[in-house]
Every structure is written in C-alpha cells, then in structure tokens.
Amino acid sequence: MHAQLLTAARRPLVALELPTPRPEPEQLLIAVRACAVCRTDLHIVDGELADPKLPLVPGHEIIGTVVEKGEAADRFAIGDRVGVPWLGWTCGVCKYCRSGQENLCDRARFTGYQIDGGYAELTVADERYCFAIDGRYGDVEAAPLMCAGLIGYRTLRLAGDAERLGIYGFGAAAHIVAQVARHQGRRLFAFTRPGDMAAQDFARSLGAEWAGHSTVAPPEPLDAALIFAPVGALVPAALAATRKGGTVVCGGIHMSDIPSFPYRILWEERVLRSVANLTRRDA
Ligand SMILES: [Zn+2]
Ligand SMILES: [Zn+2]
Numbered sequence: 001m002h003a004q005l006l007t008a009a010r011r012p013l014v015a016l017e018l019p020t021p022r023p024e025p026e027q028l029l030i031a032v033r034a035c036a037v038c039r040t041d042l043h044i045v046d047g048e049l050a051d052p053k054l055p056l057v058p059g060h061e062i063i064g065t066v067v068e069k070g071e072a073a074d075r076f077a078i079g080d081r082v083g084v085p086w087l088g089w090t091c092g093v094c095k096y097c098r099s100g101q102e103n104l105c106d107r108a109r110f111t112g113y114q115i116d117g118g119y120a121e122l123t124v125a126d127e128r129y130c131f132a133i134d135g136r137y138g139d140v141e142a143a144p145l146m147c148a149g150l151i152g153y154r155t156l157r158l159a160g161d162a163e164r165l166g167i168y169g170f171g172a173a174a175h176i177v178a179q180v181a182r183h184q185g186r187r188l189f190a191f192t193r194p195g196d197m198a199a200q201d202f203a204r205s206l207g208a209e210w211a212g213h214s215t216v217a218p219p220e221p222l223d224a225a226l227i228f229a230p231v232g233a234l235v236p237a238a239l240a241a242t243r244k245g246g247t248v249v250c251g252g253i254h255m256s257d258i259p260s261f262p263y264r265i266l267w268e269e270r271v272l273r274s275v276a277n278l279t280r281r282d283a
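Numbering (the numbering used here), first residue to last: 1 to 283.
Structure representation (structure tokens):
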C-alpha cells in the first residue's frame, strides 16, 4: 500500500510502499477515504511530543470503509463507513478507565502517534474505538470531527454553561466549536493573531459578534475562554479577559511556555484548566 512515513522528528514524510497491515482479533482493516491534518500531527513531526512510534504513519482523523475484520470484531460489517479518532486504545482497568476518564488512561495509545494512522491507503484500528459515521456527512466533512471536533467539543463542555464565550485561535477546532456554541445560543468572541483579518472575517461568518486581536480586550468580560492556539502567552491574555469565577480551558496537546503573570488575574476564583485527549462518550 502507498503510505507516508515519518522516520525521525524534523524530517519530511517519505512516500513509500508498505506491506498491507493485518487486523488483530478486535481490529478492522480499513480502506482510508479521507484523513485530515491536525496541529498535533505537526507537533509530532516537529519533535514537540515525546516518544512517537518510529517509523510512524501519522494521521488520526480518519474516515474509511471496513474491508476486513479480525475474528473477534463484530461491531461493524464489511463495507461500513467508520471514523478512527485520536484515542486508539485504553487498558480498561486503571482507575481512570474505571471512572469515566479513559482520556487519562495510564496506558492509553493514540492513533498516528503510538499506532500507525491514516496517511496511507489502508490502516488497522481497534473497532471498540471506531465510530459509525452519519451518512449525511461526506468523508472530507467528517474527518476533522475525529479530533478537532471531538476534542473541541470536550473543551467547550469543560467551559460549562458560559454564555459569553471567547475562542483564541481560529483554526479547525474553533471553526467546528463555533457552530456548536452558536447552536447552543452562546455569544461568541473570536481572538486571532494580530493582523489575521481573514481569520477574523471567517469567525464573523460563523456567528462571532466580535473578532479582534488576541492582545485586545473584548467589549465585555468573557464568562469562559477556550484556547486552541499553541501559544502560552494567550493564557494570561485570556485570564485577563475573563470575569470573576470564569474558566479558561486550554484545548491543545502542546503549548509554548506560559509567561509568569500577576496573581490578581487568576484570583477571584477564575479557573484555569487543560483538556487531554477525548473519551468515546464525547463522540
Ligand atoms: Zn486505563
Ligand atoms: Zn488531533
């Protein structure tokens, strides 16, 4: 099969032929129809995430068709269209797995990181972590839901019932989360890199009532802020823009260092937290 392979960090991917993978008992062999590119793929290629499997087929936003099944796989039929997300395997027995926090599993393995992913004609995936894909979505529309959508949704959920929602970094996750947030009747404030008028226009087209530079205070204090850009300096900026008792959620897997900031912008019961990975329940 054709595949794109990462052989070492900070090297270009190499296009080559690999043997067809064989499904283990609970795995599906999937013909890849689409695989989106996530910022995390770039963090892996850039060596910013520790210890990827090497060599590695990256890609963890996969939509494909089941072409073969392991002998114990019974959730899907040959020909079914399935999605393969970032969360590829969990142990099922650690204290996190047993308490609804499989995203924090001590032994979790991730697609396109510790497990070969979707930048290939074929891939194998544990069927217990695959999702049926609604026929109303095309392959290309559905692929980003497997990470940007799922982890974006988890980030939004951890912001609670905030009405005035700030979003820092208007890429894949934000563009999906903005639509969900507007559907829920929240008010949207979008923050982009200074001068990125295209992203600000895009945010307004998705229902943001205000869009501006990340260094600028919004017209009203935020009830919560979601940070999707991997930029630590946005943490104090978002805290300063958030009201007393509000929440700032960091949605990414990697971020540059957070600069020191005065305690007063965290005080008054502001909450600062991160999101790690996803659970199948988030889907
Ligand atoms: Zn576990
Ligand atoms: Zn991702």
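Where a beta carbon is used, it is the ideal one built from N, C-alpha and C, also for glycine.
Taking the C-beta atoms as reference points, C147 is found nearer than 8 Å to E61. Residue environment: R186 is assigned as buried (16 or more neighbouring CB atoms within 10 Å of its CB, all protein chains considered). Annotated three-state conformation of G152 is helix, per DSSP. Using a 10 angstroms sphere on the CB of Y153, the tally of other CB atoms reaches 16 or more, which defines it as buried. In this structure, S205 sits away from Y168, with a CB-CB distance that is not shorter than 8 Å.
Per the coordinates, the alpha-carbon of A173 lies some 12 Å from the alpha-carbon of A143. Distance from the CA atom of R128 to the CA atom of V67, rounded to whole angstroms, is 16 Å. Contact annotation, R243 with L226: C-beta distance approximately 15 Å; criterion of less than 8 Å not satisfied. For L234, the secondary structure class from DSSP, reduced to helix, strand or coil, is helix. When DSSP states are grouped into helix, strand and coil, D196 belongs to the coil group. One thing to note: A72 has its Cβ no nearer than 8 Å to the Cβ of P21. Distances between the C-beta of G92 and the heavy atoms of ligand 1 include at least one below 7 Å. Among the bridge pairs identified by DSSP, H183 is matched with none. Excluding residues up to 5 positions away in sequence, G232 and V235 lie with their Cβ nearer than 6 Å to the Cβ of I258 in the same chain. With the rule of 3 Cβ pairs closer than 8 Å, the segment 91-103 does not count as touching the segment 40-51.
Taking non-hydrogen atoms of ligand 2 into account, the C-beta of C147 is found less than 7 Å away from one of them. T90 carries a coil assignment under DSSP once its states are collapsed to helix, strand and coil.
Linking M255 to L18 through their CA atoms gives a straight-line distance of about 33 Å.
In the three-state DSSP reduction, C97 falls in the helix class (H, G or I).
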